[in-house]
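Undergrad:
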Amino acid sequence: MGSVFKGIVIVLFWGFPSCSTYAQTEQEKLRELELQRQADKQRSIDRQIDSIGTLIDNQEYEAADKKIVAVLQSVRSVPSTLTFYIGKNSFYLAKYKQSVDWLNKYIQLKGTSGQFSEEAIRLKNTAEAELLKERLEESKQTTQVLSKDFDLDCGPTGKVTCPVCNGTTVIIKRGYIGDTYKTCGFCNHEGVLSCADYNKLLKGELKPASK
Ligand SMILES: [Zn+2]
0 MGSVFKGIVI VLFWGFPSCS TYAQTEQEKL RELELQRQAD KQRSIDRQID SIGTLIDNQE
60 YEAADKKIVA VLQSVRSVPS TLTFYIGKNS FYLAKYKQSV DWLNKYIQLK GTSGQFSEEA
120 IRLKNTAEAE LLKERLEESK QTTQVLSKDF DLDCGPTGKV TCPVCNGTTV IIKRGYIGDT
180 YKTCGFCNHE GVLSCADYNK LLKGELKPAS K
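At position 5 of the sequence shown the residue is numbered 4 (numbering that gives the first Met the number 0), and the sequence of numbers has no breaks.
(1) Please classify isoleucine 48 as buried or exposed, where buried requires at least 16 neighbouring CB atoms within 10 angstroms.
(2) Would you decide whether asparagine 57 is buried or exposed? Buried here means 16 or more other CB atoms lie within 10 Å of its CB.
(3) Helix, strand or coil for proline 155? Go by DSSP, reduced to three states.
(4) Which whole-angstrom value is the C-beta distance of leucine 151 and asparagine 198, which I expect to be below 8 Å?
(5) Which two residues bound the contiguous beta strand (DSSP E) that contains isoleucine 170?
(6) Straight-line CA distance for alanine 208 to lysine 181?
(7) With distance defined between alpha-carbon atoms, name the residue in Ser138, Ala126, Arg36 and Pro162 nearest to isoleucine 90.
(8) For ligand 1, I want to know if cysteine 153 counts as a neighbour, meaning its beta carbon is within less than 7 Å of at least one of the ligand's heavy atoms.
(9) May I have the straight-line CA-CA distance separating glycine 190 from threonine 160, to the nearest angstrom?
(10) Can you list the residues near ligand 1, meaning Cβ strictly closer than 5 Å to any non-hydrogen atom, in the order they appear in the chain?
(11) Do leucine 54 and lysine 66 have their beta-carbon atoms positioned less than 8 Å apart in this structure?
(12) When burial is assigned at 16 or more other CB atoms within 10 Å of the CB, is serine 43 buried or exposed?
(13) Which partner residues does tyrosine 180 have in the DSSP bridge list?
(14) Where does valine 99 land, buried or exposed, given buried means 16+ other C-beta within 10 angstroms?
(15) Applying the 10 Å Cβ sphere with the 16-neighbour rule, what's the burial state of arginine 46?
(16) Could you check what DSSP says for serine 43 in three-state terms: helix, strand or coil?
(17) Rounded to whole angstroms, what's the CA-CA distance from proline 78 to proline 162? Just pull it up for me.
(18) So, with DSSP's three-state summary, where would you put leucine 92?
What follows is the structure, encoded as structure tokens:
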């Protein structure tokens, strides 16, 4: 619609030079319409951001998260209030890394004198403490005792059904054209492994026969 309007304005301008003042007012009108449109969009975004704040206050964090994703898709630049709400909502969703990231943005934008600065700093400190706790938990997990670090006792028979071919001695590869059948290279046509080979297999140390 805007381009059609512009076309008419140009025709008028070329056809009737004396109408230039008329054309100018038309252009002003177009500019005003565009500004109006932008202001409407901004108001709509502001309303949506306000409703995100309300959802967070009502502890509806999942709903707030959905709305945040939607608003982020419709804005070209993220308003500072929204950076705070994302940081706050992420905190309550226990996404602490994301929380620290966005709260930092708010604090960078607003310093210590913003409307939410005090809360942002408090939440950020708590989120950082939670992150540290998470990292400690992770490092504890790496010192867990895992079965792969030990040899397993296969019982009195000293043999275990080959887990590669499930004791069938054949490995079936499903293909688009057809299935291919291959002899299992691990259990030497027997479908069972010795306990020593079984433990090697678990550690990734048992190599299949090259045939
Ligand atoms: Zn096998």
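Don't be surprised by glycine CBs; every beta carbon is placed ideally from N, CA and C.
Quick caveat, the model's predicted, so the values are computed rather than measured.
TA: By the coordinates alone:
(1) buried
(2) exposed
(3) coil
(4) 6 Å
(5) 169 to 172
(6) 12 Å
(7) Sequence check: residue 90 is phenylalanine here, not isoleucine. The candidate whose alpha carbon is nearest that of phenylalanine 90 is Ala126.
(8) no
(9) 6 Å
(10) Cys161, Val163, Cys164, Cys183, Phe185 and Cys186
(11) yes
(12) exposed
(13) Ile171
(14) buried
(15) exposed
(16) helix
(17) 57 Å
(18) coil
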